[in-house]
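Data first, discussion second: the structure below is written as structure tokens.
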Amino acid sequence: MNGVRVTTQYMCILANQRSSAIRSLMACPVRHYKKIYTKTGDKGTSMTFTGVRKPKDDALFHALGSTDELSSSIGLAAEYCREAGHTIDEKLEMIQCILQDVGSNIATPLSSAKEAHLKQVQFNHKVTLELEKWIDEISAELPPLTNFILPSGGKAACSLHVARSVCRRTERWITPLIREKEIDEETLKFVNRLSDFLFVAARLCAMKEGKEEKFYYKLTDRNPDLADNMASYINIVTKR
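Numbering (my numbering), first residue to last: 1 to 240.
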């Protein structure tokens, strides 16, 4: 995706100074363009919101693209949640809006940003505090964990686990940008907390649907002969 279009997309929810987590979700008027393609990225570069062109495989665009993928994953999970009758889909939609703010911040590297840029993309740390409240509220409803769980528990739960995995990757791509002091560290805190939210949200969906969560266990504990059988299988495969 061309950098101009990426940064334009991520500016859609930018507002004036937000006084609360909810106000950060207010949508700005959408700008309309005659064509979705610009051809400016055909040579392998994209442009940041600050006007700097970078290679499309730059860490900044990896972080930006992963954030976009995360929002798409959450959008799919929200659809599964709605189909199953879960009200958590409303929170997921709010999170997608906040991820637009995260993307705007990523697309505005501090090394080339002017004060006017920073005023537009300032990330509201209060949304992270709100997310922590949601995590605590959901956790209070869940049975305690006694072992590692596998992604399971129905379509809604599994889709939230997929989103959680994408969230972890997004966090890994944002980290070097934080280390280089290119973006607001509050964005990393939010994404870090978001993976926890998606985890408990997945468990909540499984519980409300009465779907079983699959727990991790050592295969050899249940079948002592399994190790020998697997070794034999590997020998057969490698000799082919």
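Where a beta carbon is used, it is the ideal one built from N, C-alpha and C, also for glycine.
- Just so you know, the alpha carbons of Lys-214 and Asp-101 end up roughly 35 Å apart.
- Trp-173 and Lys-56 have their C-alpha atoms roughly 14 Å apart.
- DSSP places Ile-88 outside both helix and strand once states are collapsed to three, so it counts as coil.
- Counting of Cβ neighbours within 10 angstroms places Arg-179 among the exposed residues, the total staying below 16.
- Judged by their CB atoms, Leu-64 and Ile-36 are not nearer to each other than the 8 Å cut-off.
- Residue Glu-171 holds the alpha-carbon nearest to the alpha-carbon of Glu-186 among Lys-211, Asp-196, Gln-96, Glu-171.
- In this structure, the beta-carbon distance from Trp-134 to Lys-189 does not fall below 8 Å.
- At least 8 Å separates the beta-carbon of Leu-177 from that of Ala-77.
- Considered as a whole, the region 154–196 harbours 155–179 as its complete alpha helix (DSSP H) runs of no fewer than 4 residues, in chain order.
- Sequence-distant partners of Tyr-216 (beyond 5 residues in either direction) whose C-beta falls short of 8 Å from its own C-beta, in its chain, are Asn-147, Phe-148, Ile-149, Leu-150.
- The closest CA to that of Glu-115, considering only Thr-50, Leu-198, Cys-81, Ala-140, is found on Thr-50.
- In this structure, the alpha-carbon of Ile-98 lies about 19 Å from that of Asp-136.
- Here DSSP, grouped into helix, strand and coil, assigns Ile-98 to helix.
- Counting only the Cα atoms, Val-200 lies some 6 Å from Ser-139.
- The alpha-carbon of Arg-82 is positioned some 20 Å away from that of Leu-131.
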